[in-house]
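Notes follow the structure.
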Amino acid sequence: MDDVLVIGGGPVGLFMAALLLQQGVSVRVLEQRTGAEPHSRAIGIHPPSLDALQEIGVAPDLVAEGVPIRRGLAVGGGRTLAEMSFAGVSDSYPFVLSLPQARTAAILEQRVRHLDPAALHRGVRVTRVHDDGGKVTADATAGGSAVRYTAAIVIAADGVRSTVRAQFGTPVRAKDYPDSYQMGDFADSTGFGPVAALFLESAGIVESFPLPGNLRRWVVRLAEPGSGGDARWLVDRIRQRTGVEVDPESNSVLSRFGVRTRLVRRMVAGRTVLIGDAAHEISPIGGQGMNLGWLDAVALAPVVLASLHGKHVGAELRGFEARRKAAAARAARQSEINMALGRPLPAGPWSVRNRAIGAAGAVPAVNGFVARRFTMQ
Numbered sequence: 006m007d008d009v010l011v012i013g014g015g016p017v018g019l020f021m022a023a024l025l026l027q028q029g030v031s032v033r034v035l036e037q038r039t040g041a042e043p044h045s046r047a048i049g050i051h052p053p054s055l056d057a058l059q060e061i062g063v064a065p066d067l068v069a070e071g072v073p074i075r076r077g078l079a080v081g082g083g084r085t086l087a088e089m090s091f092a093g094v095s096d097s098y099p100f101v102l103s104l105p106q107a108r109t110a111a112i113l114e115q116r117v118r119h120l121d122p123a124a125l126h127r128g129v130r131v132t133r134v135h136d137d138g139g140k141v142t143a144d145a146t147a148g149g150s151a152v153r154y155t156a157a158i159v160i161a162a163d164g165v166r167s168t169v170r171a172q173f174g175t176p177v178r179a180k181d182y183p184d185s186y187q188m189g190d191f192a193d194s195t196g197f198g199p200v201a202a203l204f205l206e207s208a209g210i211v212e213s214f215p216l217p218g219n220l221r222r223w224v225v226r227l228a229e230p231g232s233g234g235d236a237r238w239l240v241d242r243i244r245q246r247t248g249v250e251v252d253p254e255s256n257s258v259l260s261r262f263g264v265r266t267r268l269v270r271r272m273v274a275g276r277t278v279l280i281g282d283a284a285h286e287i288s289p290i291g292g293q294g295m296n297l298g299w300l301d302a303v304a305l306a307p308v309v310l311a312s313l314h315g316k317h318v319g320a321e322l323r324g325f326e327a328r329r330k331a332a333a334a335r336a337a338r339q340s341e342i343n344m345a346l347g348r349p350l351p352a353g354p355w356s357v358r359n360r361a362i363g364a365a366g367a368v369p370a371v372n373g374f375v376a377r378r379f380t381m382q
């Protein structure tokens, strides 16, 4: 019997496993996918997450591969409305790190395999979790055969379609939004370098973030759900709204997504804990989802260690659950603000909004407050 089963081998599950493995805990990570996920929706790593990731020693590797974004621009109507510096948000990491999720996950997997080459089990689909009060049993299939794992504690980091959450039967507070977006990665021809830019246009926001390898991610708010098109269509919308020319032939990633929020009422049930997207699905606008999961993990690790050492941790688990649910609710509210700022507006209100943003950005105290909120401080 292992000490801990981590269900889900994405960035959050791998980080959770590494935190525990380096403390001598026996951990098995069960991942349904047989190989690494090649696509990268998430790219932003915020300063509190970099502090957390340093606890397993991978922050320098991530920073070495990523692009530190130290400034952001708000642009509207062809002129800069406001500029935001992240210099004051953290002593250790005064920036948002841009790195595709696939590379982040690969570095985390490498760390897990270094700590225990046998910890990660791929191609394992968990079908049932049973808690008998003394241990937790996970029934699964692997390679067409039935397998069973047992552990003192199960941590479910199995994403938005979490099997474990479905078995929990916990109520979920759900909200769907009218916003939808299309994103694509292209060669960077903007001259912005390592600076992020938000184009606040009357037809809807266009976001632009640097990526390693002289690439740039563009995110365009769509006029209506279900709209969108191929890379050339996206490039046309970028040019129409921002005036920036992007080469459609350089496209490497293209996807559309809608927005919803899902917040569980309970993260803890007996010896099973939900973390990451299994516990809270947040709008990708603002880039907080993956970061929330890492911060769940770093908050949970000492409670798990205390429990494995025989301490009664009921109060600690309740405190963990309350704090992390509150953090997810704050992130959901922040994402709502981010989306509202990017919605289409008629010319008059659009002009008023942009002038207000420019005026607010010129006040150092307001600028600093927004920078801290944007970076999850």
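All residue numbers for the sequence shown refer to our numbering, where the first residue is 6 and numbers rise by one.
Note that beta-carbon positions come from the ideal geometry of N, C-alpha and C, so glycine has one too.
All of these numbers come straight from a predicted model, not from anything done at the bench.
Measure the C-alpha to C-alpha separation of residue i and residue j and round it to an integer number of angstroms.
{"i": "Val80", "j": "Ser90", "result": "15 angstroms"}
{"i": "Val278", "j": "Arg270", "result": "12 angstroms"}
{"i": "Gly347", "j": "Phe262", "result": "15 angstroms"}
{"i": "Leu205", "j": "Ala332", "result": "27 angstroms"}
{"i": "Thr380", "j": "Arg133", "result": "37 angstroms"}
{"i": "Leu322", "j": "Ile342", "result": "30 angstroms"}
{"i": "Gly248", "j": "Ala352", "result": "18 angstroms"}
{"i": "Gly149", "j": "Leu113", "result": "28 angstroms"}
{"i": "Pro122", "j": "Leu10", "result": "15 angstroms"}
{"i": "Thr39", "j": "Met6", "result": "24 angstroms"}
{"i": "Gly275", "j": "Val258", "result": "41 angstroms"}
{"i": "Val357", "j": "Val371", "result": "18 angstroms"}
{"i": "Lys140", "j": "Val318", "result": "16 angstroms"}
{"i": "Met272", "j": "Leu310", "result": "18 angstroms"}
{"i": "Asp301", "j": "Thr175", "result": "18 angstroms"}
{"i": "Arg166", "j": "Gly83", "result": "41 angstroms"}
{"i": "Gly218", "j": "Leu203", "result": "21 angstroms"}
{"i": "Glu326", "j": "Asp137", "result": "22 angstroms"}
{"i": "Leu409", "j": "Lys316", "result": "No answer is possible for residue 409: the residues shown for the chain start at 6 and end at 382."}
{"i": "Ser213", "j": "Thr155", "result": "46 angstroms"}
{"i": "Pro105", "j": "Arg237", "result": "22 angstroms"}
I'd like to check one pair, residue j with residue i: are the Cβ atoms closer than 8 angstroms?
{"i": "Val32", "j": "Arg116", "result": "no"}
{"i": "Ile50", "j": "Val101", "result": "yes"}
{"i": "Glu36", "j": "Val129", "result": "yes"}
{"i": "Asp190", "j": "Asn256", "result": "yes"}
{"i": "Leu86", "j": "Gly373", "result": "no"}
{"i": "Ala110", "j": "Val131", "result": "no"}
{"i": "Val224", "j": "Tyr186", "result": "yes"}
{"i": "Ala143", "j": "Leu313", "result": "no"}
{"i": "Ala162", "j": "Leu26", "result": "no"}
{"i": "Val200", "j": "Leu78", "result": "yes"}
{"i": "Arg221", "j": "Pro215", "result": "yes"}
{"i": "Ile290", "j": "Met344", "result": "yes"}
{"i": "Glu70", "j": "Arg46", "result": "no"}
{"i": "Arg5", "j": "Asp184", "result": "The first residue shown for the chain is 6 and the last is 382, placing residue 5 beyond what the model contains."}
{"i": "Leu268", "j": "Val177", "result": "yes"}
{"i": "Ile74", "j": "Ser103", "result": "yes"}
{"i": "Val169", "j": "Ile12", "result": "yes"}
{"i": "Arg265", "j": "Lys330", "result": "no"}
Identify whether residue i lies in helix, strand or coil by the three-state DSSP scheme.
{"i": "Val278", "result": "strand"}
{"i": "Leu78", "result": "strand"}
{"i": "Glu206", "result": "coil"}
{"i": "Gly149", "result": "coil"}
{"i": "Met89", "result": "strand"}
{"i": "Arg378", "result": "helix"}
{"i": "Gly227", "result": "Position check: residue 227 holds Leu in this sequence, whereas Gly was assumed. Of the three classes helix, strand and coil, the one that applies to Leu227 here is coil, per DSSP."}
{"i": "Leu19", "result": "helix"}
{"i": "Glu70", "result": "helix"}
{"i": "Asp301", "result": "helix"}
{"i": "Val284", "result": "Position check: residue 284 holds Ala in this sequence, whereas Val was assumed. If DSSP states are grouped into helix, strand and coil, Ala284 belongs with coil."}
{"i": "Asp241", "result": "helix"}
{"i": "Ile383", "result": "With the chain covering only 6 through 382, there is no way to say anything about residue 383."}
{"i": "Pro289", "result": "coil"}
{"i": "Ala123", "result": "coil"}
{"i": "Val117", "result": "helix"}
{"i": "Ser95", "result": "coil"}
{"i": "Glu254", "result": "helix"}
{"i": "Pro217", "result": "coil"}
{"i": "Arg271", "result": "coil"}
{"i": "Gly13", "result": "coil"}
{"i": "Thr139", "result": "The question names Thr, but residue 139 is Gly in the sequence shown. Of the three classes helix, strand and coil, the one that applies to Gly139 here is coil, per DSSP."}
{"i": "Gly248", "result": "coil"}
Is the CB of residue i under 8 angstroms away from at least one CB in chain B?
{"i": "Val72", "result": "Protein chains in the displayed structure number just one, and chain B is not present."}
Please tell me whether, using a cut-off of 7 angstroms, the distance from the CB of residue i to the nearest non-hydrogen atom of the ligand FAD is below it.
{"i": "Phe325", "result": "The ligand FAD is not part of the structure shown, which contains no ligands of any sort."}
Practice item. Identify every run of the alpha helix (DSSP H) within the stretch 308-373, keeping only runs that are complete inside it and at least 4 residues long; order them along the chain. Key: Counting only runs of 4 or more, we get 319-346 and 352-366.
**Study point:** Contact the stretch 271-291 vs the stretch 7-23: 3+ CB pairs below 8 angstroms
**Key:** Segment contact: the stretch 271-291 against the stretch 7-23, three or more CB-CB distances shorter than 8 angstroms; contact assigned.
Point to revise | Contact the stretch 290-305 vs the stretch 54-72: 3+ CB pairs below 8 angstroms | key: The answer is yes - the stretch 54-72 touches the stretch 290-305, with three or more Cβ pairs under 8 angstroms.
Check your understanding: So, do the stretch 335-347 and the stretch 87-102 have three or more beta carbon pairs nearer to each other than 8 angstroms?
Key -> Contact fails: fewer than three Cβ-Cβ distances are below 8 angstroms.
Point to revise | At least three beta-carbon pairs within less than 8 angstroms, the stretch 200-215 to the stretch 227-246 | key: Touching, per the Cβ criterion.
Point to revise | In chain order, each beta strand (DSSP E) run of at least 3 residues that lies wholly inside the stretch 151-199 | key: Counting only runs of 3 or more, we get 177-192.
Review point. Hey, which unbroken runs of the alpha helix (DSSP H) at 4 residues or more fall wholly within the stretch 18-59?
Key: You should have 52-59.
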